[in-house]
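Those sequence lines, one after another, are chains U and X.
In terms of numbering that gives the first Met the number 0, the first sequence opens at residue 0 and continues consecutively.
In terms of numbering that gives the first Met the number 0, the second sequence opens at residue 0 and continues consecutively.
Even glycine gets a Cβ: it sits at the ideal position worked out from N, Cα and C.
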Amino acid sequence: MSQFLSYAIPGIPYGCNFALMAVGLVLTFRATGVFNLAFGAQAFLAAYIFDVLVRSSHLPVGVAFILSVLVMSPLIGLALDRFLFRHIPTASTTAKLVSSLGLLIAIPQTLPIFFGSGERENPPNLWLNPNHVYLHVFSTPINGGEVTTTVITVVVVAAVVAMFRWTAIGLQMRAVVESRRMAQLEGINAPRVAAGAWALSSVLAGLAGVLLLPLTASLNPEDPLQFTALLVAGLTAAAVASMRSIPIALATAIGLGVVENLLSGYLPSGGILAQTVVPAFPFVVLVGTLLLNPGLRRLELSSDPLAACDPPPAPPSVSIRDPRLAVPTRVGFWLLVVAFLASSVTWAPITYVTAFDEGLCVSIICLSITLITGMSGQLSLCQAAFAGVGAFAAGQFAAHLGLSVLLGAVVGGLLAAVVGTIVAVVAIRVSGLLLALVTLAFALFADQSLFQYSWTGGGLTGVTVPRPVLGPFNFGSDRSFLLVCFVALVLCSILVLLVQRGTMGRYLAAMRGSPTAAASMGISLRTSRLMVFAMSAGIAGFGGALYASVLNSVNATSFEYVYSLVFVVVVITTGSRTIEGAIQAGMAYSVFLLLLVLYVPARFTGIEPILFAFGAMTYASHPEGIVEYQKSRWMVRVSKLFARYDARRARRTGPPVGESEGTLEGYAQALPAVSVPLGKGFRG
Amino acid sequence: MFGVPGADGSPHLLDARSISIRFGGIAALKDVSLVVDAGEAVGLVGPNGAGKTTLFNCLCGQLRPNGGTVSFDGHVLDDMPAHLRARLGIRRTFQRVEVFPELSVRDHMIVAERARRGDGALWKDLLNMAKPRREELDNVERVIDLIGLTEMADVPVAALSLGHCRLVELGRALCGEPRLLMADEPSSGLDMTETAALATVLRGVQRDHGMAVLLVEHDMEMVRAAVDRVVVLDVGEIIAQGSFETVVADPEVRRAYLGRTA
Chain U
0 MSQFLSYAIP GIPYGCNFAL MAVGLVLTFR ATGVFNLAFG AQAFLAAYIF
50 DVLVRSSHLP VGVAFILSVL VMSPLIGLAL DRFLFRHIPT ASTTAKLVSS
100 LGLLIAIPQT LPIFFGSGER ENPPNLWLNP NHVYLHVFST PINGGEVTTT
150 VITVVVVAAV VAMFRWTAIG LQMRAVVESR RMAQLEGINA PRVAAGAWAL
200 SSVLAGLAGV LLLPLTASLN PEDPLQFTAL LVAGLTAAAV ASMRSIPIAL
250 ATAIGLGVVE NLLSGYLPSG GILAQTVVPA FPFVVLVGTL LLNPGLRRLE
300 LSSDPLAACD PPPAPPSVSI RDPRLAVPTR VGFWLLVVAF LASSVTWAPI
350 TYVTAFDEGL CVSIICLSIT LITGMSGQLS LCQAAFAGVG AFAAGQFAAH
400 LGLSVLLGAV VGGLLAAVVG TIVAVVAIRV SGLLLALVTL AFALFADQSL
450 FQYSWTGGGL TGVTVPRPVL GPFNFGSDRS FLLVCFVALV LCSILVLLVQ
500 RGTMGRYLAA MRGSPTAAAS MGISLRTSRL MVFAMSAGIA GFGGALYASV
550 LNSVNATSFE YVYSLVFVVV VITTGSRTIE GAIQAGMAYS VFLLLLVLYV
600 PARFTGIEPI LFAFGAMTYA SHPEGIVEYQ KSRWMVRVSK LFARYDARRA
650 RRTGPPVGES EGTLEGYAQA LPAVSVPLGK GFRG
Chain X
0 MFGVPGADGS PHLLDARSIS IRFGGIAALK DVSLVVDAGE AVGLVGPNGA
50 GKTTLFNCLC GQLRPNGGTV SFDGHVLDDM PAHLRARLGI RRTFQRVEVF
100 PELSVRDHMI VAERARRGDG ALWKDLLNMA KPRREELDNV ERVIDLIGLT
150 EMADVPVAAL SLGHCRLVEL GRALCGEPRL LMADEPSSGL DMTETAALAT
200 VLRGVQRDHG MAVLLVEHDM EMVRAAVDRV VVLDVGEIIA QGSFETVVAD
250 PEVRRAYLGR TA
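Here you go:
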């Protein structure tokens with residue numbers, strides 16, 4: 000019994016760490032309607048600033064706490080609300096999630112720009128000394144850090160619960176989350192309430208970060224993974240509480256802390272159980288909760304009653320292109336392709352050619368995102384994990400069976416499709432936010448445990464993936480391999496295009512619009528989703544294998560979960576609905592990276608993810624993607640120029656005048672300008 | 000696995016027996032039984048909150064009732080998901096319009112046509128065999144013409160008004176060539192002449208294709224014009240059924256609509 004208690008009691012303060020995270024997630028969701036994946040990043044930021052203020056600026060701990068948690072954090076919250084979340088329509092789950100993903104990636108990357116890279120070790124503690132034992136509970140020693148965490152957590156959670164239950168502002172926050180516009184019609188100052196909610200949530204994040212400091216041995220902005228354990232446990236507790244009940248979130252988090260401590264205490268350390276059960280435990284609980292907690296299903300149901308006020312989605316830029324531009328566009332495109340290939344295989348500097356190789360392969364991975372996110376409308380956050388499956392399979396087959404890499408890439412793709420199907424069979428029960436979280440859990444699981452074994456990811460040494468040799472042709476050099484990557488990309492693009500234009504593309508568009516109506520027409524949502532998921536995983540795996548062949552050797556860190564997030568964010572920035580969007584994403588990703596490495600001081604290398612993360616934040620206003628949006632704007636401008644030219648010519652030559660109206664025909668078709676009397680075609 | 004033919008043996012096309020459903024403490028439907036024969040047009044009326052749309056959802060598989068059984072053409076539907084019920088020939092429209100905003104009117108019809116034929120295999124897409132075929136397009140054009148949206152066939156539905164969206168929903172359901180068409184307040188958002196035209200269309204498809212129609216409607220003129228028989232639902236229970244005239248004259252129905260004191 001005493002042994003049980005000596006394992007269980009330290010679990011309580013350990014669980015309190017998750018609890019702050021979980022309560023913060025629940026509070027943010029209830030007060031702002033956003034599932035803030037960046038909560039951990041905000042916590043990290045506050046902790047980092049606190050640490051800098053105490054140790055580099057030598058401020059007293061109390062002053063540093065006030066500055067970092069009570070001043071800076073709410074200001075960041077207000078800025079997030081003012082510049083980002085205020086502009087997102089209430090009903091758009093994807094936009095909210097993508098914006099928070101962008102933040103999750105951008106925030107840790109901004110720190111090295113200001114403070115230089117490198118870890119900070121032995122961070123300061125907030126209140127009581129963590130190295131001093133203050134009291135014994137059932138003869139288990141409790142140190143100062145544990146007292147601090149437990150006391151502050153309990154006090155803060157009680158205060159938050161009281162605010163939601165008994166104050167008018169709590170009620171107003173809930174109303175604003177349901178429908179900002181409806182709340183305004185009832186006389187609530189919705190912008191101010193939402194801003195207050197963001198400030199409050201940010202303070203909580205900052206507090207969590209500062210409290211967690213004694214727990215983390217070091218703070219390394221390049222490795223946000225150390226917050227992963229917290230993220231998973233926090234997510235689990237928030238999910239058990241159905242994103243609603245703050246007391247349940249607290250209790251679950253503490254329970255998780257206790258169970259995890261008991262597991263690692265009782266299981267023989269170094270044994271196979273300790274190595275597999277303990278790391279996998281949080282993921283199993285998380286995925287199980289996401290799938291089985293019926294309370295979570297209701298999250299998807301809440302929709303803004305005034306959603307119809309939102310403008311219709313923008314028409315694709317191709318549909319508003321002046322017909323006279325069709326030929327020049329096509330000729331220009333082919334010229335560009337020929338110029339790209341010719342210069343790459345002849346004179347382009349080899350560093351650029353390598354970047355192009357990578358870009359083409361990343362484009363294939365991005366195409367898988369076009370399929371799953373752009374076409375089927377589901378946010379999958381584990382595409383890099385599928386790419387990893389393909390890459391490691393190709394490497395292992397090449398090393399152990401002597402399989403040619405191209406064949407290995409195809410087999411790897413098929414294997415990834417199988418893994419994708421397994422993930423999909425589990426995840427298919429849910430959609431939207433929950434699907435994104437389940438796939439995120441899989442991505443975390445893949446890079447934390449699946450890819451760590453020598454028979455999968457190759458452990459620490461990694462896996463070597465050679466370049467392909469096809470009969471007499473050796474594609475060992477970067478220049479020749481570019482041709483292979485190019486052909487592979489073209490083939491994958493054709494596959495995706497065929498799906499997009501075929502029945503499946505139409506079914507997916509239908510399901511994106513209204514799953515209920517699609518099912519009522521006889522479309523099986525399950526089958527369609529399963530197929531798209533499998534196909535998308537397959538393409539990602541194939542692309543991943545080729546990518547690994549470009550890099551020559553890959554290990555578990557090559558396909559970290561962060562890459563899944565980065566790829567999604569990059570594709571959404573350029574445009575997730577079109578194939579050229581994916582290719583622009585892949586090329587931009589690798590070429591930008593090269594340019595930054597070549598021309599910019601080392602501390603600014605984090606700028607690339609930041610740029611894309613800011614790009615992703617525009618998703619709210621331009622879900623079609625920045626490039627696509629700009630294209631549409633230019634199409635309209637060119638159409639106007641053409642119209643002016645036509646009008647002038649018509650004036651000079653006299654009638655027929657009607658001709659000039661025809662130039663904008665395509666544009667007019669895409670706009671709701673048509674008005675036809677209803678029922679004209681009715682026949683009795 | 001689902002819906003063994005002949006397992007039921009009911010002489011009716013649709014036979015719902017003792018459907019009950021509770022939402023929390025509220026009994027939305029209490030022991031409701033409803034039959035629709037092949038080719039028959041039945042109106043389902045009742046005050047707001049009577050449970051009409053809930054009954055629709057139970058029949059189509061969007062909701063699972065707590066009790067009772069539904070059969071369609073001899074197939075027992077109870078454990079059948081919504082899309083398999085649709086494949087048996089039940090199509091519906093929705094009270095709150097459910098359209099696919101990014102698809103054009105014509106694409107709506109093509110999706111419905113494909114879904115009806117069960118012609119959506121992924122390998123056909125990958126072999127570039129998924130282009131709309133002549134006879135598909137002919138069917139689609141006929142339906143678009145019938146609902147009167149020929150001139151906006153290529154407009155994305157997001158750009159259409161509510162009334163047009165209702166017609167798109169109706170056309171989509173008709174493209175499925177249903178044996179039972181369930182229309183949930185199709186006239187809301189339409190003006191009087193449009194409503195009259197809609198009633199004529201419903202009568203027309205019912206007569207020409209032998210389609211059974213189950214119509215939820217508040218507009219009594221439309222109900223009178225479009226149906227053979229009326230079922231009145233109030234607070235989750237059927238309180239009257241019969242021809243339009245008898246139902247309208249029923250004192251119980253008048254009380255339900257006008258309040259207890261009337």
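Note to self: For the structure I just gave you, are there three or more beta carbon pairs, one from the region 577-587 of chain U and one from the region 376-390 of chain U, closer than 8 Å?
What the structure shows: Taking 8 Å as the limit for Cβ pairs, the verdict is that the region 376-390 of chain U does not touch the region 577-587 of chain U.
Next item on the list: Determine the chain X residues that contact Ser631 (chain U) at a beta-carbon separation under 8 Å, and present them in chain order.
Entry: Those do not exist, as Ser631 (chain U) stays about 14 Å from chain X at its closest Cβ, beyond 8 Å.
Item checked: Option in U:Ile187, U:Phe613, U:Val464 and U:Leu378 with minimal Cα separation from Ala549 (chain U) -> With the sequence shown as reference, residue 549 (chain U) is identified as Val, and Ala is not the correct amino acid for it. Looking only at U:Ile187, U:Phe613, U:Val464 and U:Leu378, the smallest Cα-Cα distance to Val549 (chain U) is reached by U:Val464.
Check: Under three-state DSSP, which class holds His399 (chain U)?
Finding: Residue state, collapsed to three classes: helix.
Margin query: Is Glu244 (chain X) close to chain U? Criterion is C-beta to C-beta, closer than 8 Å.
Written below: Glu244 (chain X) does not count as touching chain U.
Next item on the list: Give the single residue among U:Ala240, U:Val70 and U:Thr147 whose Cα lies nearest to the Cα of Leu210 (chain U).
Entry: The residue with the shortest Cα to Cα distance from Leu210 (chain U) is U:Thr147.
Next item on the list: Give the secondary structure of Leu148 (chain X) by DSSP, where H, G and I count as helix, E and B as strand, and everything else as coil.
Entry: In the three-state DSSP reduction, Leu148 (chain X) falls in the coil class, being neither helix nor strand.
Margin query: Using the Cβ count rule (16 or more neighbours within 10 Å means buried), how would you classify Gly10 (chain U)?
Written below: It counts as buried.
Next item on the list: My understanding is that Gln377 (chain U) touches Ala539 (chain U), with C-beta atoms under 8 Å, so please give their C-beta distance in whole angstroms.
Entry: The beta carbons of Gln377 (chain U) and Ala539 (chain U) sit about 14 Å from each other, so the pair does not count as a contact at 8 Å.
Next item on the list: Could you tell me whether the region 558-577 of chain U touches the region 54-66 of chain U, where touching means 3 or more Cβ pairs closer than 8 Å?
Entry: No: fewer than three Cβ pairs fall under 8 Å.
Next item on the list: Excluding the 5 residues preceding and the 5 following Lys123 (chain X) in the sequence, name in chain order all residues of the same chain whose CB lies nearer than 6 Å to its CB.
Entry: Only Ala129 meet the Cβ criterion.
Next item on the list: Please say whether Met221 (chain X) and Ala263 (chain X) have beta carbons closer to each other than 8 Å?
Entry: Since the displayed chain X opens at 0 and closes at 261, residue 263 (chain X) lies outside it and no answer follows.
Next item on the list: Report yes or no: do three or more beta-carbon pairs, one from the region 35-43 of chain U and one from the region 174-190 of chain U, lie closer than 8 Å?
Entry: No, they do not touch.
Note to self: One question on the structure: do Val429 (chain U) and Met242 (chain U) come within less than 8 Å of each other, judged by their Cβ atoms?
What the structure shows: Going by C-beta atoms, Val429 (chain U) is not nearer than 8 Å to Met242 (chain U).
Next item on the list: Could you please tell me which residues of the region 215-249 of chain X, in chain order, have their CB closer than 8 Å to any CB of chain U?
Entry: Listed in sequence order: no entries.
Check: For the region 55-78 of chain X, which residues have a CB atom closer than 9 Å to at least one CB atom of chain A, in sequence order?
Finding: In the structure shown, chain A does not exist; the protein chains are U and X.
Item checked: Residue range of the unbroken alpha helix (DSSP H) whose run includes Gln183 (chain U) -> First-last of the alpha helix (DSSP H) with Gln183 (chain U): Arg179 to Leu184.
Check: Can you round the beta-carbon distance between Leu62 (chain X) and Thr53 (chain X) to whole angstroms, since I take them to be within the 8 Å contact cut?
Finding: Between Thr53 (chain X) and Leu62 (chain X) the Cβ distance is about 7 Å, and since that is below 8 Å, they are a contact.
Checklist line | Close Cβ partners of Ala252 (chain U) (< 6 Å) along its chain, the five nearest in sequence each way excluded | finding: The beta carbon of Ala252 (chain U) is closer than 6 Å to those of Gly14, Phe17, Ala18, Ala21 and Ala236 in its chain, skipping five residues each way along the sequence.
Check: How would you call Ser56 (chain U), buried or exposed, if buried means at least 16 neighbouring beta carbons within 10 angstroms?
Finding: By the 10 Å Cβ count, Ser56 (chain U) comes out exposed.
Check: Which partner residues does Pro140 (chain U) have in the DSSP bridge list?
Finding: Per DSSP, U:His135.
Item checked: Beta-carbon proximity check, Leu161 (chain X) vs Gly188 (chain X), cutoff 8 Å -> A contact, by the Cβ cut-off of 8 Å.
Checklist line | Under 8 Å from the C-beta of Asp137 (chain X): neighbouring residues of chain U | finding: Within 8 Å Cβ-Cβ: nothing; Asp137 (chain X) doesn't reach chain U, min ~16 Å.
Notebook entry, point to check: DSSP beta-bridge partners for Phe71 (chain X)?
Noted result: BP columns for Phe71 (chain X) point to X:Leu13 and X:His74.
Notebook entry, point to check: Out of curiosity, what's the CA-to-CA distance linking Thr691 (chain U) and Ser367 (chain U)?
Noted result: Outside the shown range of chain U (0 to 683) lies residue 691 (chain U), about which nothing can therefore be said.
Notebook entry, point to check: When every heavy atom of the ligand ADP is checked, does at least one fall within less than 7 Å of the C-beta of Ser138 (chain U)?
Noted result: Although the ligand ADP was asked about, the structure shown includes no ligands whatsoever.
Checklist line | Spatial distance of Gly689 (chain U) from Val462 (chain U) (CA atoms) | finding: A question about residue 689 (chain U) goes unanswered here, because the residues of chain U that appear run from 0 up to 683.
Notebook entry, point to check: What's the C-alpha gap between Arg29 (chain U) and Gly195 (chain U)?
Noted result: In a straight line, the C-alpha of Arg29 (chain U) is about 13 Å away from that of Gly195 (chain U).
Checklist line | Ile168 (chain U) to Gly76 (chain U) span [Cα, whole Å] | finding: For Ile168 (chain U) and Gly76 (chain U), the distance between alpha carbons rounds to 17 Å.
Notebook entry, point to check: Should Arg115 (chain X) go down as buried or exposed, given a rule of 16 or more other Cβ atoms within 10 Å for buried?
Noted result: With 16 or more other Cβ atoms inside 10 Å of its own Cβ, Arg115 (chain X) counts as buried.
Margin query: Taking only three categories from DSSP, how would you classify Lys51 (chain X)?
Written below: Reduced to three states, the DSSP call for Lys51 (chain X) is helix.
Item checked: Buried versus exposed call for Asn260 (chain U) [16 or more other C-beta atoms within 10 Å across all chains shown] -> Buried.
Next item on the list: Report all residues from its chain with a CB closer than 7 Å to the CB of Asp77 (chain X); omit the five preceding and five following residues, and keep chain order.
Entry: Thr68 and Val69, listed in sequence order.
Next item on the list: Note down, in chain order, all residues in the region 19-31 of chain U with a beta-carbon under 9 Å from any beta-carbon belonging to chain X.
Entry: Cβ contacts with chain X come from no residue of the region 19-31 of chain U.
Check: By the criterion of Cβ-Cβ separation under 7 Å, what are the contact partners of Leu693 (chain U) in chain X?
Finding: Here chain U comprises residues numbered 0 to 683, so residue 693 (chain U) is not present and cannot be evaluated.
Next item on the list: Anything in chain X within Cβ reach of Arg505 (chain U), meaning under 8 Å, just list it in chain order.
Entry: The contacting residues are Leu102, Asp106, Ile109, Val110 and Arg113.
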